[in-house]
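Chemist:
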Amino acid sequence: MSQAASQCKSAIGARGAKRFSVNHLVITRLDAHVAWIGLLMLSVFLWTKISFSTQGTGWLYLPAFAVNVAIVTTLRLRSGVRLSLGLSAPWVVLFGAWFLTRLLLDAESIADVLGYTIGYGEGIFFAYGLGVSTRVLLDAVGRSPSAPFRWVFAMLLFAFNAWSAMRVEETALSAGSLHREYAFFDNDTYQLSGALAGVLAIVTASLLVRSSDEPARGMARIAKWALLLNAAATFAMMARLSQLLGSNAGLAFIVPIAVLSIATAWVGVRPPTMNALARGTQCLRSFLRALASVCATAVLLAAACAGAIVFAVANGVIDITRYRAFGFEESSLYNPSVDSRLRILAENFPKHLVHSPFFGHFFVDRITTGDGTYVHGLVAVLPHLGIVGAILFITMLVGIGAQLRSQWRASRRGSREARFAMLAILLTAWVVGYMLLTTFFTNVILWMSLGLFAPALRLREPPSEMSDIGLAHSGPSKF
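Taking my numbering as reference, the numbering of the sequence shown is continuous, increasing by one, and the terminal residue is 490.
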C-alpha cells in the first residue's frame with residue numbers, strides 16, 4: 012500500500028514538474044516578445060529626440076516603454092525570478108546621494124534640479140534607470156529559447172534604426188536644412204543628438220551580442236552572417252548620421268562600439284569552467300584568452316574598414332572633406348572642438364578647483380568663468396563635487412568593476428552569457444575612457460551604460476531554472 016502511494020506521489024510530482032517547465036517556457040517566450048516591443052518603443056522615443064530635439068515630441072513612447080518593462084518584470088517575478096542587488100549598489104547610492112545633495116544646495120532654480128536628475132539629456136537618475144530597464148528587456152530577449160526569434164526580431168529592430176536614420180536625412184533635405192556644399196544639418200542641439208545616437212548604438216550592440224549563438228552549419232550560419240551584416244549596416248548609418256548632425260563625438264564614439272560588438276558576436280567566447288572558477292588564476296587566464304581573441308578580431312575588422320574607406324576615397328566614391336570630422340570648415344585636419352576642450356581644461360580647471368576643493372560647487376563655472384565654461388570630461392567631478400564627490404565617484408567605478416568581474420565569473424551558464432559579460436567589460440571600459448576628457452560627467456551615455464552593464468538592481472534567475480528551459484545551452488543553434 013505504501014509502495015503504491017509512493018509511486019502515485021512520484022507520478023504527480025513528475026507531472027507537476029513537467030507542467031511547471033511548460034508554463035515557464037511559455038512565460039519566457041511571452042516576456043521575450045513584450046521585451047522586443049519595449050525596445051522598439053525606446054528606439055522610437057530616442058529617434059524623435061534625435062530628429063526634432065524638442066521637449067514636446069515623442070513622450071508617449073516613454074510610458075509605453077515603461078509599461079513593457081513592468082510587464083516583463085511582473086512575468087519574471089511570477090515565474091520565480093528574484094530581485095537582487097549588484098556589487099555596485101551601495102556605491103551607486105552613496106554617489107547619487109552626494110550628487111543630489113550638492114545639486115540641491117547649489118541650484119538656482121527647480122529647472123536645474125530637474126534637468127540634472129530626470130532630464131533626458133543630462134539627468135543621471137533618468138539615464139541610469141533607463142539603462143537598468145533596458146537590461147531587463149535585453150535579458151528577456153537573450154533568454155528566449157528560440158534562436159530564430161532572437162535573430163529575426165533583432166534584424167527587424169536594426170532595420171528600423173537604419174530606416175529612421177535615412178528618414179532624418181530625407182526630412183532635413185526636404186526642409187532645406189541640409190547644406191549642399193558640406194554634409195551638415197542646421198542643428199542647434201547637435202551634441203544632444205549625437206549623445207542619443209550613441210545610446211542607440213549601445214542598445215544595438217547589446218542586442219546584437221544578446222541575440223548571437225554559435226552556429227554550426229546551414230541556415231544557422233547564414234542567419235548569423237545576416238545578423239552581423241545587418242548590424243554593420245545599421246552602425247554605418249548611425250555613424251554617418253552623427254556627422255550629418257555635426258557631432259564628431261558621436262562618430263568617434265559609435266565606430267569603436269560597432270567594431271567591438273561585431274567582434275564579440277563573431278568570436279566564440281568561452282565561459283570560465285567550474286575548475287577555472289575554483290582557481291582564480293585559471294579564471295583570469297580564460298578571460299585574457301577570450302579578451303585577446305575579441306581584440307584581435309576587432310583590430311582586423313577595424314583595419315578592413317579603414318582599408319575600404321581609403322579605397323573609396325582614392326577612387327572618388329566618398330568625399331571626406333565634406334564631413335565635419337575632417338575639418339571642412341578649415342579645409343584641414345585641424346579640429347576646433349578638440350582645441351577648445353583642451354584650452355578650457357588648461358585655463359578653467361584650476362580656477363574651478365580652487366573655489367571649493369573639498370566639497371565642490373555644482374555650478375562652479377557660473378560663478379567663476381561663466382555659464383557653460385565647465386571642463387569637458389570626468390575630471391569635472393573634482394571641481395563640481397569636490398574631493399568628497401571624486402572619492403565617491405572613483406569608489407563607485409571600482410564597485411562597478413567588481414560587478415563586471417562577478418558577471419564574467421557567473422557566465423558559465425552559456426556562450427551568450429559569456430559574450431554579453433565580455434561586451435559589458437569592453438564597452439564600460441570604452442565609455443569611461445572616452446568620457447575622461449570629452450564630455451561632462453552627467454552625460455546620458457555614461458549613466459545609461461553603467462545602468463545597463465552593471466545594474467545596481469536586476470532580476471536574477473536561479474541556475475536550476477535556467478537549465479529547465481534550456482537556457483544553459485551553449486552549443487550550436489539550429490532551426
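All C-beta atoms in this analysis are idealised placements derived from N, C-alpha and C, irrespective of residue type, glycine included.
Using the Cα positions of L463 and F452, report the straight-line distance between them to the nearest angstrom.
Modeler: Here residue 463 corresponds to residue number 452 of the sequence shown, with the count starting at 1. Here residue 452 corresponds to residue number 441 of the sequence shown, with the count starting at 1. Going by the C-alpha atoms only, they are around 17 Å apart.
Chemist: Grab me the residues of S478's own chain with a C-beta within less than 7 Å of its C-beta, minus the 5 sequence neighbours each way, in chain order.
Modeler: Counting from 1 along the sequence shown, the entry for residue 478 is found at position 467. Bear in mind that the predicted position of S478 carries a pLDDT of just 40, short of 50, making it too unreliable to give a figure here.
Chemist: For Y345, count neighbouring C-beta atoms within 10 Å of its own C-beta (all shown protein chains included) and say buried if the count is 16 or more, exposed if not.
Modeler: Against the sequence shown, residue 345 aligns to sequence position 334. Its pLDDT being 47, under 50, Y345 is placed unreliably by the model, and nothing is read from it.
Chemist: Is the CB-CB distance between F153 and Q414 below 8 Å?
Modeler: Against the sequence shown, residue 153 aligns to sequence position 142. Against the sequence shown, residue 414 aligns to sequence position 403. It should be pointed out that residue 153 corresponds to Gly in this sequence rather than to Phe. Their beta carbons are not under 8 Å apart, which means G153 does not touch Q414 by this criterion.
Chemist: Looking at the secondary structure, which residues open and close the beta strand (DSSP E) in which S95 lies?
Modeler: Counted from its first residue, the sequence shown places residue 95 at position 84. That run of the beta strand (DSSP E) goes R93 to L96.
Chemist: Could you check what DSSP says for S157 in three-state terms: helix, strand or coil?
Modeler: As a position in the sequence shown, residue 157 is number 146, starting the count at 1. Three-state DSSP puts S157 in coil, outside helix and strand.
Chemist: Among I398, R40 and V83, which residue has its Cα nearest to the Cα of G49?
Modeler: Counted from its first residue, the sequence shown places residue 49 at position 38. Closest by alpha carbon: V83.
Chemist: Does the stretch 103-120 come within contact of the stretch 417-434, defined as at least 3 CB pairs closer than 8 Å?
Modeler: Contact between the stretch 103-120 and the stretch 417-434 is absent, because fewer than three Cβ pairs lie under 8 Å.
Chemist: Please tell me whether L403 and F136 are closer than 8 Å, where the distance is taken between their beta carbons.
Modeler: Here residue 403 refers to the residue found at position 392 of the sequence shown. Here residue 136 refers to the residue found at position 125 of the sequence shown. For L403 and F136, no; Cβs fall outside 8 Å.
Chemist: Which residues in the same chain have their Cβ closer than 8 Å to the Cβ of L94, if we skip the five residues on either side of it in sequence?
Modeler: In the sequence shown, counting from the first residue as 1, residue 94 sits at position 83. Answer for L94: L88, L468, R469, L470 and R471, listed in chain order.
Chemist: Do you know how far the Cα of T182 is from the Cα of R416?
Modeler: Sequence index remark: in the sequence shown, residue 416 carries index 405 (1-based). Sequence index remark: in the sequence shown, residue 182 carries index 171 (1-based). C-alpha separation (whole angstroms): 44 Å.
Chemist: Kindly indicate the opening and closing residues of the alpha helix (DSSP H) around L111.
Modeler: The sequence position of residue 111 within the sequence shown is 100, counting from 1. Run containing L111: A100 to D117, per the alpha helix (DSSP H) assignment.
Chemist: Contact criterion: CB-CB distance below 8 Å. Does Y139 meet it with respect to chain C?
Modeler: This model lacks chain C altogether; it includes just one protein chain.
Chemist: Mind checking I265: buried by the 16 CB within 10 Å criterion, or exposed?
Modeler: Along the sequence shown, read from residue 1 onward, the residue named residue 265 stands at position 254. I265 comes out buried.
Chemist: Given a cut-off of 8 Å, decide if L238 and S222 are closer than it, judged by their beta-carbon atoms.
Modeler: Taking the sequence shown and counting its residues from 1, one reaches residue 222 at position 211. Taking the sequence shown and counting its residues from 1, one reaches residue 238 at position 227. Taking 8 Å as the Cβ cut-off, S222 and L238 qualify as a contacting pair.
Chemist: Give me the Cα-Cα distance between S343 and I61, rounded to the nearest whole angstrom.
Modeler: Taking the first residue of the sequence shown as 1, we reach residue 343 at position 332. Taking the first residue of the sequence shown as 1, we reach residue 61 at position 50. With a pLDDT of 48 at S343, under the threshold of 50, the predicted position of this residue should be treated as unreliable, though the coordinate-derived value follows. Whole-angstrom Cα-Cα distance: 28 Å.
Chemist: Quick one: measure Cβ to Cβ for F370 and G397, integer angstroms, because I've assumed they're closer than 8 Å.
Modeler: Start at 1 with the first residue of the sequence shown, and residue 370 comes out as number 359. Start at 1 with the first residue of the sequence shown, and residue 397 comes out as number 386. Indeed they touch by this definition, with Cβ atoms about 4 Å apart.
Chemist: Please name the residue or residues paired with R471 in a DSSP beta bridge.
Modeler: Numbered from its first residue, the sequence shown carries residue 471 at position 460. R471 pairs with R93.
Chemist: Just to confirm, are G134 and I456 a CB contact at a threshold of 8 Å?
Modeler: In the sequence shown, the residue the question calls residue 134 occupies position 123. In the sequence shown, the residue the question calls residue 456 occupies position 445. Contact: no.
Chemist: Can you tell me whether S144 is buried or exposed, with buried defined as 16 or more other CB within 10 angstroms of its CB?
Modeler: Walking along the sequence shown from the start, residue 144 turns up at place 133. It counts as buried.
Chemist: Quick check: T275 and L434, are their CB atoms within less than 8 Å of each other?
Modeler: Walking along the sequence shown from the start, residue 275 turns up at place 264. Walking along the sequence shown from the start, residue 434 turns up at place 423. In this structure, L434 lies closer than 8 Å to T275 by Cβ.
Chemist: Between which two residues does the alpha helix (DSSP H) containing P267 stretch?
Modeler: In the sequence shown, counting from the first residue as 1, residue 267 sits at position 256. N259 to W277 is the span of the alpha helix (DSSP H), which, as asked, contains P267.
Chemist: Tell me, to the nearest whole angstrom, how far the beta carbon of A158 is from that of D224; I am working on the premise that it is less than 8 Å.
Modeler: Here residue 158 corresponds to residue number 147 of the sequence shown, with the count starting at 1. Here residue 224 corresponds to residue number 213 of the sequence shown, with the count starting at 1. Right, their Cβ atoms sit about 5 Å apart.
Chemist: Whole angstroms are fine: how far does the CA of R352 sit from the CA of L448?
Modeler: Stepping through the sequence shown from its first residue, residue 448 is reached at position 437. Stepping through the sequence shown from its first residue, residue 352 is reached at position 341. Distance between the alpha carbons of L448 and R352: 8 Å.
Chemist: Express the C-alpha separation of L73 and G381 in angstroms, rounding to a whole number.
Modeler: Here residue 381 refers to the residue found at position 370 when the sequence shown is read from its first residue. Here residue 73 refers to the residue found at position 62 when the sequence shown is read from its first residue. The straight-line gap from Cα to Cα measures roughly 34 Å.
Chemist: With respect to the alpha helix (DSSP H) encompassing V210, which residues constitute its N-terminal and C-terminal limits?
Modeler: Position 199 of the sequence shown holds residue 210. Looking at the DSSP string, the run of the alpha helix (DSSP H) that includes V210 is Y201 to R221.
Chemist: Using the Cα positions of M248 and F76, report the straight-line distance between them to the nearest angstrom.
Modeler: Counted from its first residue, the sequence shown places residue 248 at position 237. Counted from its first residue, the sequence shown places residue 76 at position 65. Roughly 24 Å separates the two Cα atoms.
Chemist: What does the alpha-carbon distance come out to for the pair L438 and A212?
Modeler: Here the question's residue 438 lines up with position 427 in the sequence shown. Here the question's residue 212 lines up with position 201 in the sequence shown. In a straight line, the C-alpha of L438 is about 11 Å away from that of A212.
Chemist: Between the beta-carbon of S99 and the beta-carbon of I331, is there less than 8 Å?
Modeler: Taking the first residue of the sequence shown as position 1, residue 99 is located at position 88. Taking the first residue of the sequence shown as position 1, residue 331 is located at position 320. Not in contact: S99 and I331 (Cβ atoms no closer than 8 Å).
Chemist: Return the CA-CA distance between T384 and A260, expressed in angstroms with no decimal places.
Modeler: Counted from its first residue, the sequence shown places residue 384 at position 373. Counted from its first residue, the sequence shown places residue 260 at position 249. Rounded to whole angstroms, T384 to A260 spans 18 Å at the Cα level.
Chemist: Helix, strand or coil for L356, going by three-state DSSP, please let me know.
Modeler: The residue given as residue 356 occupies position 345 in the sequence shown. It is helical.
Chemist: Taking the alpha-carbon of F246 as reference, which of A231, S217, A323 and G257 has the nearest alpha-carbon?
Modeler: Looking up residue 246 in the sequence shown gives position 235. The shortest Cα separation from F246 among A231, S217, A323 and G257 belongs to S217.
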